[in-house]
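Peer 1: If you read the sequence shown in the working numbering, its first letter stands for residue 394, the second for the next number, and so on.
Ideal Cβ positions, reconstructed from N, Cα and C, are used throughout, including at glycine.
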Amino acid sequence: MKTLIVYASMHGCAKKSAEKLAEQLSPDVHIVDIKRKRPKGLDEYDRIIVGGSIHAGKIQRKIKSFCQKNEALLRQKKLGLYLCCMEQGEKAEQQFRDAYAESLRSHAAAIGLFGGEFDFDRMGIFTRAIIKRIAKTEESVSRISYAAIADFAAQMSE
394 MKTLIVYASM HGCAKKSAEK LAEQLSPDVH IVDIKRKRPK GLDEYDRIIV
444 GGSIHAGKIQ RKIKSFCQKN EALLRQKKLG LYLCCMEQGE KAEQQFRDAY
494 AESLRSHAAA IGLFGGEFDF DRMGIFTRAI IKRIAKTEES VSRISYAAIA
544 DFAAQMSE
């Protein structure tokens, strides 16, 4: 099956997740960073996976826009939606609901909450200072759930 993974990443978590998914899915997988390149030929793909991360409580605007503009087509494909965020439980689920339209969530073959990370080496000084203050941490933190990524890949392969 031909698979497209479209993602947007601010500090690398959604990108790492996309790469890990690509490793676990069939060999015919294309990854597109929507912040750098517009995905083309969506009709050619059997499966489309869309992923992003949360910043200031919201998913990237380009992911939201991509989903809105291509909703009809996405609903014709085997669809997977994932989100990287540091929240857990109900807060993470609410961020997911806010990020993706209900029509896409209900159609999706796989839904993933992959956790998140604060990688201070990849952040600018201003962002780092804000995150340190809000998260009350002085060191980088990674809570990426590779088990959740594997489960998501298995669901997309069914």
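Which one of L435, E483, S402 and M394 has the shortest CA to CA distance from E510?
Peer 2: S402
Peer 1: What three-state label does DSSP hand E532 in the structure shown?
Peer 2: coil
Peer 1: Classify H404: buried if its beta carbon has 16 or more other beta carbons within 10 angstroms, exposed otherwise.
Peer 2: H404 is classed as buried because its beta carbon has at least 16 other beta carbons within 10 Å across all chains shown.
Peer 1: H423 to K409, Cα distance in whole Å?
Peer 2: Whole-angstrom Cα-Cα distance: 14 Å.
Peer 1: Would you mind giving the Cβ-Cβ distance between I542 and L418, rounded to the nearest angstrom? I have them listed as a contact below 8 Å.
Peer 2: The Cβ separation is near 11 Å, so there is no contact.
Peer 1: Excluding five sequence neighbours on each side, which residues of the same chain lie with their C-beta closer than 7 Å to the C-beta of A546?
Peer 2: Contacts found: L414, Q417 and L418.
Peer 1: Rounded to whole angstroms, what is the Cα-Cα separation between N463 and A411?
Peer 2: 20 Å
Peer 1: In angstroms with no decimal places, state the Cα-to-Cα distance between F513 and E532.
Peer 2: So the two alpha carbons sit approximately 7 Å from each other.
Peer 1: I think D426 touches T396, with their Cβ atoms under 8 Å apart; what is that distance to the nearest whole Å?
Peer 2: Not confirmed; about 16 Å, so no contact.
Peer 1: Rounded to whole angstroms, what's the CA-CA distance from C406 to G473? Just pull it up for me.
Peer 2: 17 Å
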